[in-house]
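Presented below is the structure to which this report refers.
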Amino acid sequence: MDDSVSVREARANLARLLDHAEEGEPTVITRGGTPVAAIVPIEEYNALEEAADELLARKALQTLAEEGEAPRATLADVIADIFGTSKPDVG
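Residue numbering for the sequence shown follows our numbering, starting at 7 and increasing by one per position.
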């Protein structure tokens, strides 16, 4: 299967597209020839989510620094506190 399919093809071949995702192959879904979504391996999705969270945390810290306020806790500290988990290793 190509790396891009129409919505109609995606509906007809969803199980196959999920198999491809499990094998590490992303698929772009198009509507009228325009890309509108993607089926990606869960590992890639999770990595994107983590990267977005880290970027937002950095932007928040940068904003605080620019306003002259010293941060009292990182976003990771706050999340860990909310969910009662240990702070994620960001190294």
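Ideal placement from N, C-alpha and C gives every residue a C-beta, glycine not left out.
Simplified DSSP state of residue i, which is helix, strand or coil
i: Thr-69; result: helix
i: Ala-79; result: coil
i: Val-11; result: strand
i: Gly-97; result: No answer about Gly-97 holds up, because its pLDDT of 49 lies below 50 and its placement is not dependable.
Reference residue i, options the options, closest by Cα
i: Gly-38; options: Ser-10, Ala-82, Ala-86; result: Ser-10
CB of residue i within 8 Å of CB of residue j, strictly
i: Glu-49; j: Pro-32; result: no
i: Val-129; j: Ile-35; result: No information on residue 129 is available, as it lies outside the stretch 7 to 97 that the chain covers here.
i: Leu-81; j: Ala-58; result: no
i: Ala-27; j: Pro-47; result: yes
Run of the alpha helix (DSSP H) containing residue i, from where it starts to where it stops
i: Glu-28; result: 20 to 28
Segment limits, beta strand (DSSP E) that includes residue i
i: Val-110; result: The displayed coordinates of the chain run from 7 to 97. Any statement about residue 110 would go beyond what the structure contains.
Three or more C-beta pairs below 8 Å linking the region 52 to 64 and the region 20 to 29: no
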